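Shown next, in C-alpha cells, is the structure this report addresses.
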Amino acid sequence: MVWEAYDGTEVTHYDMHDRTVNPLWPELMWTTLKEKTCQMIYINIYQPFCIQTLKYYLEKEKNIVLRKERPRVRLIHKPCTETGEMKVSCLATGFYPRHIVLTMLRDGHPIPDEKLILGKVLPNGDGTYQTRRTLSICSEELRERHHYTCSVAHLTLDNKLDINWEPEEGSDVAVIISLAVVLVLVLVFTILAFVIYKRRHRGERQ
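So the sequence shown is numbered by this note's numbering: it starts at 5 and just counts up by one.
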C-alpha cells in the first residue's frame, strides 16, 4: 500500500505481505526504528481497524451494497427534420449494481463506439443507474432498411436482453408530410399577420 506520497507521486511503499518498507526515492531511506514503528502501526492499528470498519459498514448497509435491480431498456427513435437523419437511442435505466454492457448492433453486427454518442453511467434519484448509446442514421441508410438491436448484459440478467427496431416503410414520407404541414401553418400565420397589419394600418390612416 502507499505509505507516503509527494505531489501526487508515491515515494514510500509498504508491502503488506512481507511487512517491509520500500522507499522509491533513495534519499528517503528509513532507519530501523522508523521501519519497526511503521510495522507496529500497521499490525496493531491500520490492519485491524480498517477490516473491522469495513465489516461493520458492510453488515450495516448490506441491503444496499448487495441489492440487485434489473435494467429497464428502451429503444427510442426520433427524426431530425433539419438534417433528415433519425436519432436512435438505446436507454437502460433503473439497474444496480453500476456495471453494465450496452451494445448497439446493425444487422447483428456490433456498431463501433466511434460511430456512437456514448453516454456516461449516471445515478438516478433512487440509487440505481442509467446510461445510453445514441446512433445517427442518415436518410440513405434509412432507405436501406437495416435491422437495429439494443443488447444489454447485466449481473441481474441470465441472458442478454435484446430490443429490436427496424425503420418503418414510409418513414421518409412521414417526415415530408410533417414538414409540409409545418410550412403550410407558417404560411397561413404569415398571411393572417399581414392582413391584420394592413387593416390596423388602414384604420389608423382613416
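Cβ coordinates follow ideal geometry from the N, Cα and C atoms, glycine included.
For clarity, every value in this text was computed on a predicted model and none was experimentally measured.
Judged by DSSP secondary structure, residue 49 falls outside any beta strand (DSSP E); it is assigned neither H nor E. Leaving aside the five residues that flank residue 110 on each side, the residues in its chain whose CB is nearer than 7 Å to its CB run, in chain order, 150 and 152.
Using a Cβ distance threshold of 7 Å, residue 142 and residue 79 do not count as a contacting pair. Cβ-Cβ distances below 6 Å link residue 201 to nothing in the same chain once the five nearest sequence neighbours on each side are left out. Note on the stretch 121-154: whole alpha helix (DSSP H) runs with a minimum of 4 residues are 143-147, in chain order. Counting along the chain, the unbroken beta strand (DSSP E) around residue 168 starts and ends at 165-169. In this structure the stretch 187-196 does not lie against the stretch 111-130, because fewer than three pairs of beta carbons, one per stretch, are closer than 8 Å.
Nearest to residue 122 by alpha-carbon distance, out of 135, 114, 113 and 112, is 135. Under the three-state reduction of DSSP output, residue 73 falls in the strand class. Each residue's CA atom was taken as its position, placing residue 100 and residue 64 some 18 Å apart.
In the three-state reduction of the DSSP assignment, residue 68 falls in the helix class, which pools H, G and I. In the three-state scheme derived from DSSP, where H, G and I count as helix and E and B as strand, residue 162 is classed as coil. Following the DSSP letters along the chain, one finds residue 42 inside the alpha helix (DSSP H) bounded by residues 36-45.
Linking residue 90 to residue 81 through their CA atoms gives a straight-line distance of about 7 Å. Residue 137 sits close to residue 94, with the two beta carbons spaced by under 7 Å. Sixteen is the threshold: since fewer than 16 other Cβ atoms of the shown chains lie within 10 Å of the Cβ of residue 45, the residue is exposed. Checking the DSSP bridge columns, you'll see residue 100 partnered with 73.
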